[in-house]
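Counting from 1, position 39 in the sequence shown corresponds to residue 43 in the working numbering; the numbering is continuous, with no gaps.
Ideal Cβ positions, reconstructed from N, Cα and C, are used throughout, including at glycine.
All of these numbers come straight from a predicted model, not from anything done at the bench.
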Amino acid sequence: MDIEFLRTLDPQILLGVFVALVAVGAGAAYYLSSSSKKRRGCLDPENFKEFKLVKKQQLSHNVAKFVFELPTPTSVLGLPIGQHISCRGKDAQGEEVIKPYTPTTLDSDLGRFELVIKV
5 MDIEFLRTLD
15 PQILLGVFVA
25 LVAVGAGAAY
35 YLSSSSKKRR
45 GCLDPENFKE
55 FKLVKKQQLS
65 HNVAKFVFEL
75 PTPTSVLGLP
85 IGQHISCRGK
95 DAQGEEVIKP
105 YTPTTLDSDL
115 GRFELVIKV
């Protein structure tokens, strides 16, 4: 490329090209860094999984917070905000019951998730 050609270009055009190249480079760097940091969640939409209950805190006479441990301390639940999980258990008569609950922890919280449940 001839350097004289660059000298004849309008400085505003050169500035615009420079800004566009920086923006494309920054966007590519952000995309590559954010996609490599995403962790795979430990939920399986096709199968129930067991999680160990590590803490139960009574919040009122009929509401409790349950804290469950994920498989590893660096695991994430993998559930977008506002989505629910289906919990399976047995009622007082021994019948299987499945109920949806929305976790109160963020998806970025590591190693655990919490459910606040009216009991």
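query                                                                                                                                                                            : result
How far does the beta strand (DSSP E) with S90 in it reach, from first residue to last?                                                                                          : I89 to K94
Do T108 and V120 count as a contact pair if the criterion is CB distance below 7 Å?                                                                                              : yes
Could you name each continuous beta strand (DSSP E) segment of 3 residues or more that falls completely within the segment 60–118, going from the start of the chain to the end? : 67–73, 89–94 and 100–105
Quick check on S40: buried or exposed, where buried means 16 or more other Cβ atoms within 10 Å of its Cβ?                                                                       : No answer about S40 holds up, because its pLDDT of 45 lies below 50 and its placement is not dependable.
Can at least three beta-carbon pairs, one atom from the segment 42–57 and one from the segment 71–83, be found at a separation below 8 Å?                                        : yes
Just how far apart, CA to CA, sit V67 and E118?                                                                                                                                  : 13 Å
Do you know how far the Cα of L114 is from the Cα of V71?                                                                                                                        : 12 Å
Can you give me the C-alpha to C-alpha distance between N99 and G93, rounded to a whole angstrom?                                                                                : For clarity, residue 99 is Glu in the given sequence; the question names Asn instead. The alpha-carbon atoms of E99 and G93 are separated by roughly 8 Å.
Of all the options F55, I85 and Q61, which has the alpha carbon lying nearest to the alpha carbon of P75?                                                                        : F55
Going by other Cβ atoms of all chains shown within 10 Å of its Cβ, with 16 needed for buried, is I85 buried or exposed?                                                          : exposed
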